[in-house]
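Residue numbers (the working numbering), protein chains in the order written: chain A, -7 to 99; chain B, 296 to 409.
Where a beta carbon is used, it is the ideal one built from N, C-alpha and C, also for glycine.
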């Protein structure tokens, strides 16, 4: 199985900060990487697809990037509504695998 | 608008089977792929498997022969059955439109306990 190593597991940040979450793939997954946001009691929301493409309705302060096997989600100018758990998902190879999640919280 | 809704018992006894239904509106399940994903206490997420537009299936090998995903196209529903459950199957179960993962159900929490 492809391992997705996600870091950090917890990210305290202040409103207005720029934050970055990273997933490292254990094998080549191309750009078959998605990012999700999940708030308590809600289902996951697609934020980024194809590693770098913003999903419909997602604010432009979110962006995705790739450097080799490292995939990053960056949030510019953090807002209170961004506090959530973020997951990456590789869908290049079965079984699909998720990162372990990053809990973004207010410092 | 595409909507998915999971339903099923919230409590299952160990060694029994877990059965969930995902009802889809606004989109035919005879198009695309439809998956089941679960989230364990502690936030780990696991992809369980999918059923395709043609009825073919693919499962996570970690679930071995315990899992079955089927469908009823006349009702636009697909189903999850997980056999021989243990307490480790306690999780929130989600259905989703797979590949895109743009539409998800609200999730159903299932506890395995005697």
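Spanning the alpha carbons of residue 22 of chain A and residue 42 of chain A requires a straight line of approximately 9 Å.
Pairing residue 346 of chain B with residue 364 of chain B gives a Cβ-Cβ distance under 8 Å. Its chain contains 318, 400 as the residues whose beta carbon lies nearer than 6 Å to that of residue 300 of chain B, once the 5 sequence neighbours on both sides are disregarded; these appear in chain order. Annotation: Cβ neighbours of residue 93 of chain A in chain B (cutoff 8 Å, chain order): 338, 339, 340. Three or more Cβ pairs closer than 8 Å define a contact, and the stretch 300 to 313 of chain B falls short of that threshold against the stretch 70 to 89 of chain A. The beta carbon of residue 36 of chain A sits closer than 6 Å to the beta carbons of 28, 30 from its chain, once the five residues preceding and following it are set aside; these are given in chain order. Identification of chain A residues near residue 356 of chain B by a Cβ-Cβ cut-off of 9 Å yields -7, 86, 87, ordered along the chain. Between residue 58 of chain A and residue 67 of chain A, the C-beta spacing is not below 8 Å.
Looking at the DSSP output, residue 53 of chain A shares a beta bridge with no other residue. In the DSSP assignment, residue 386 of chain B forms a beta bridge with B:405.
Secondary structure note for residue 333 of chain B: its beta strand (DSSP E) is the uninterrupted segment 328 to 334. A distance below 7 Å between beta-carbons, with the five flanking residues on each side excluded, links residue 398 of chain B to the following residues of its chain, in chain order: 297, 299, 391, 392.
Exclusion of the five residues before and after residue 79 of chain A leaves 28, 90, 91, 93 as the residues of its chain whose Cβ lies within less than 6 Å of its Cβ.
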